[in-house]
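Novice: Quick note, the sequence shown lines up with residues 26 to 189 if you use our numbering. What follows is a single structure, and I will ask about it in a moment.
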Amino acid sequence: MSDITVVASDERSVATELPVDLGRWAALAEAALTTEGAVGELTLTFVDDDEIAELNAEYMGKEGPTDVLSFPIDDDDAPSLPGVPTLLGDIVISASAADRQCGEHAGTYDDELALLVVHGVLHVLGHDHAEPDETALMRSRERALLEAHHWNGPVPSAFRHDHD
26 MSDITVVASD ERSVATELPV DLGRWAALAE AALTTEGAVG ELTLTFVDDD
76 EIAELNAEYM GKEGPTDVLS FPIDDDDAPS LPGVPTLLGD IVISASAADR
126 QCGEHAGTYD DELALLVVHG VLHVLGHDHA EPDETALMRS RERALLEAHH
176 WNGPVPSAFR HDHD
């Protein structure tokens, strides 16, 4: 049994032609968590723009939809109980936002979703990009994780790494 559990769900209320392969993205999140040495449970939820806009307003104080929100569970001092997984946090992704911005960032819809999954995982694990040195470290980890677990090789030439 793995020390990592990723529970993925598609909560989009709008019928869409944008595919979301829950198994694929859960496996990517699990691989990234494993590489980063994490242990515990993570949720990965795909929503529509209306839902992520509500979450963005409520939790970030920002208006409108965004691409990814991460909600780490920051209680490192909580006692761990035998047989009860550590809750790492929640990642919420808008597939519509990924589709809209893929040409500006990752190049393809799949690569953008992969970037958002990895970006969300790193935020849950405590990475940030508020300062230039943090941004450089986070982008480096994103690149390494995508090369290892998404592309299985070097970064494609279409990939532009300017996600904030």
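Just so it is clear, CB atoms sit at the ideal spot from N, CA and C, and this is done for glycine as well.
#1: What alpha helix (DSSP H) runs, 4 residues minimum, are completely inside the stretch 39-112?
#2: Along the chain, where does the alpha helix (DSSP H) containing A139 start, and where does it finish?
#3: Where DSSP assigns a beta bridge to A33, which residues make up the other side?
#4: Let me confirm a value: P157 is counted as buried when at least 16 other C-beta atoms fall within 10 Å, else exposed. Which label applies?
#5: DSSP three-state call for D124: helix, strand or coil?
#6: Between the C-alpha atoms of D28 and A56, what's the straight-line distance to the nearest angstrom?
#7: Any idea what DSSP makes of D115, helix, strand or coil?
#8: Measure the Cβ-Cβ separation of T70 and D35 and say whether it is below 9 Å.
#9: Excluding the 5 residues flanking G89 on each side, which residues of the same chain have their C-beta closer than 6 Å to its C-beta?
#10: Alpha carbon to alpha carbon, how far is V39 from A82?
#11: Go ahead and label M85 buried or exposed: buried means 16 or more other beta carbons lie within 10 angstroms of its beta carbon, across all protein chains shown.
#12: Taking the alpha helix (DSSP H) that A169 belongs to, which residues open and close that run?
#13: From this set, P97, L171, K87, C127, which residue's C-alpha is nearest G6's C-alpha?
#14: Figure out for me which residue from A131, S121, E76 has the closest Cα to the Cα of H175.
#15: Since I believe G145 is in contact with V93 (beta carbons under 8 Å), could you give me their beta-carbon distance rounded to a whole number of angstroms?
#16: Pull up the distance between the alpha-carbon of A63 and that of L53, whole angstroms please.
Specialist: Walking through what the data contain:
#1: 47-60, 74-80
#2: Looking at the DSSP string, the run of the alpha helix (DSSP H) that includes A139 is 134-149.
#3: L69
#4: exposed
#5: Here D124 sits in helix by DSSP.
#6: D28 and A56 have their C-alpha atoms spaced approximately 11 Å apart.
#7: strand
#8: yes
#9: A78
#10: 20 Å
#11: exposed
#12: Note, A169: alpha helix (DSSP H), 157-171.
#13: No answer is possible for residue 6: the residues shown for the chain start at 26 and end at 189.
#14: A131
#15: Contact between V93 and G145 holds, with the beta-carbon distance rounding to 5 Å and staying under 8 Å.
#16: 14 Å
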